[in-house]
Structures are given as C-alpha cells and as structure tokens.
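Yeah, the sequence shown ends on 409 if you go by my numbering, and it's all consecutive. What follows is a set of notes on a single structure, which appears directly below.
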Amino acid sequence: MRDRRTHEDLERIAWNLRAHVVRMIGVEHPGHLGGSMSLAEIVSVLFFFAMRFDPRNLHDPNRDRLVLSKGHSVPVQYAALVELGVIDSSEMACFKTIRGMLQGHPDMEATPGMEAVTGSLGQGLSIAFGMALGLRSDERSSRIYVIIGDGELAEGQIWEAAMAIARYKLGNIIAFVDRNGLQATGATKDVFDIPYIQEKWQACGWNVHTTNGHDIPALCDALSWAHGDTQSPSVIIAETVKGKGISFAEHSPSFHNGALSQEQYDTAIAEIEAVRRSFA
C-alpha cells in the first residue's frame, strides 16, 4: 500500500476526480456522470493508496490491475489517469470523439493504463478470473481489483465467475460492488431486485465486507481487511450515492447517462469547487 497519502490527500483527490469528470463530459453531451461520481472515493483509494501501479511503467508485469466491469463509468478512471500523469489533461476535451483516446467505454488499444475492454455488463469478473490464474501460474503476487455495479449483478455470468474464483481459491482478486441503488431506468429494487447480496457472495465462498463507499478511512480499512486473506477472494460492498457531490444529480437515474445544460454544468463545477477549496 502507498502509505505516503493521508486520508485528507485521498479525499482531495476524489474531488479532483469529480471535477475532471464534469469537465470531460461537458455541456450537452451525454455521459455517464452518476456512476462515475459514486466511484470517486473508491478509485482514489485504489490508485493512490492500495494499488501497486507505477504510471511511468504501465507494463510492469508485477503491477496490480483494475478491471472496471461497469465500463460505462470509465470517465472516473480516465480522471485518475489524468491525475497520475498517464493521460494528458488536454485529452479530456476530446472525450467520446474519434479524434481522442478517451472513448465512452474502456479501450485497451486506444488508452494507456486500461487493463480490459469492458462495457458489455457482467464480464469483468470473468476477465479477472483469467488474469488471476495467469498471475498464479507466473508466481506473481499482483492483485486484481474489480469494480461491479449493483445493477450489473443481474447478469448470471457474475455469479458463475464468483463461484469459479472461490473454487480456485484466488485470493488475489478483490471486488467492489458499487451499491448506489440505481441503474439506467430506475431503482435496482424496481428494475430487477437482488436481495441478500451479502449472503449471495458468502454462499459463493467469498469473504464479504460492507462499508460506506464515500468514507476514505473506512475504504482503506476495508482494503486492509481484504488483503489479510490470500487464500479466498474478497468483496467489498460499498454503499454509495449515485451522482455524489452534485446536488441535482444525487439519487437521480436521469444522470446515469444524461447531458448537462450549461446551467447544470456551471452548478456542478461550482459545487465541486466549493468542496475543493475547503481542502486549501
């Protein structure tokens, strides 16, 4: 783990990521704002605290990997790579355009620092399964972190992969479930209710921990807990708020993939900047 970052540093970075995401999406261009905002603290803690990831050596065979199974929320991962200097900030103006490297879903060929092509939901955990077996075969201690959406849990492939990962005792896989309670068309409980999430993961053979996905110290503690078992996979169910940090977008499925008006854009930037100034 990267112990040089304080909790306040990580929180500041999370709000920097939110600012990057809003600027990346811009005005009158649809973008997956809500799910990116709910992941800001998780992505901050992963890239700037937990992961063995050298932005100057992206192909280090001993690096940790992040598989963003809910690939539509990739703007927040791009934002982290901008913060790390992997991607030039000028690229944000070209988000979701042919002339830019930042596409609407992760593209390993176009964008440095990406570990998998995702976006067809349900596949990320299976990808991590293959990676983990390969790392074990090569006798490497690298970890694979996977971020899954709570709506994505309706995909049967998730549970097939979960059972297989536990069967092979792949303790180098740590998953996060972004449990913000909303998906594209409404509340997950109304669209496709998946109760007893913790019990389901436990039944598949995983260690399970539930925490506040916006609480930096709690997330760091959860990762320390997950790193304690190298024989079994662990999942952290992170209770989050879709659209976190933007008043009109919080708890709103409209901003799963919505466009911002100029007024909404200005409001979002002003609200985020107000929080960022509090760290000065």
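Here a beta-carbon is modelled for each residue, glycine too, at the ideal position from N, C-alpha and C. Keep in mind that this is a model prediction, so the values were computed, not measured.
Where Ala367 is concerned, the enclosing beta strand (DSSP E) starts and stops at Ser363 to Glu368. Unbroken beta strand (DSSP E) runs of no fewer than 3 residues, entirely contained in the region 265-322, are found at 273-278 and 302-308, following chain order.
The residues Gln286 and Ala290, in chain order, have a CB closer than 7 Å to that of Ser255 in the same chain once the five nearest residues on each side in sequence are set aside. Counting along the chain, Val196 sits inside the beta strand (DSSP E) bounded by residues Arg194 to Leu197. Rounded to the nearest angstrom, the gap between the Cα atoms of Ala347 and Gln391 is 35 Å. Taking Lys298 as the centre and dropping the five residues before and after it, the same chain places the C-beta of Gln360 closer than 6 Å to its C-beta, in chain order. In the DSSP assignment, Val337 falls within the unbroken beta strand (DSSP E) covering Asn336 to Asn341. When secondary structure is reduced to three states using DSSP, Gly233 falls in the coil class, being assigned neither helix nor strand. Secondary structure note for Thr396: its alpha helix (DSSP H) is the uninterrupted segment Gln391 to Arg406. At least 9 Å separates the beta-carbon of Ala208 from that of Met243. Within a 10 Å sphere around the beta-carbon of Glu157 sit fewer than 16 other beta-carbons, which makes this residue exposed. In the three-state reduction of the DSSP assignment, Gly242 falls in the coil class, being assigned neither a helical nor a strand state. By the CB criterion at 9 Å, Ser198 and Gly372 fall outside the cutoff. A straight-line Cα-Cα distance of about 20 Å links Ile401 and Asn341. Under the three-state reduction of DSSP output, Gly248 falls in the coil class, being neither helix nor strand. Per DSSP, the beta-bridge partners of Gly387 are Gly160.
At least 9 Å separates the beta-carbon of Val320 from that of Trp330. Judged by DSSP secondary structure, Ala351 falls within the alpha helix (DSSP H) whose first and last residues are Ile345 to Ala355.
Counting along the chain, the unbroken alpha helix (DSSP H) around Tyr207 starts and ends at Val203 to Glu212. Inter-residue distance for Ala355 and Ile345 is about 15 Å (C-alpha atoms, whole angstroms).
Counting C-beta atoms within 10 angstroms of its own C-beta, Ile227 has fewer than 16 neighbours from the protein chains shown and is therefore classed as exposed.
Look at Gln331 here: in three-state DSSP terms it is helix. A distance below 7 Å between beta-carbons, with the five flanking residues on each side excluded, links Glu170 to the following residues of its chain, in chain order: Ala143, Gly342, His343, Ile345 and Leu348. Here Cys223 is not near Trp288, since their CB atoms are 9 Å or more apart. If you look at Ala148, you'll find it in the alpha helix (DSSP H) that goes His136 to Ile154. Here DSSP, grouped into helix, strand and coil, assigns Ala261 to helix.
Per DSSP, reduced to three states, the secondary structure at Ser381 is coil, with no helix or strand assignment. Look at Val172 here: in three-state DSSP terms it is helix. Pairwise C-beta distances place the region 252-272 out of contact with the region 231-242, as fewer than three of them are shorter than 8 Å.
In the three-state scheme derived from DSSP, where H, G and I count as helix and E and B as strand, Gly372 is classed as coil.
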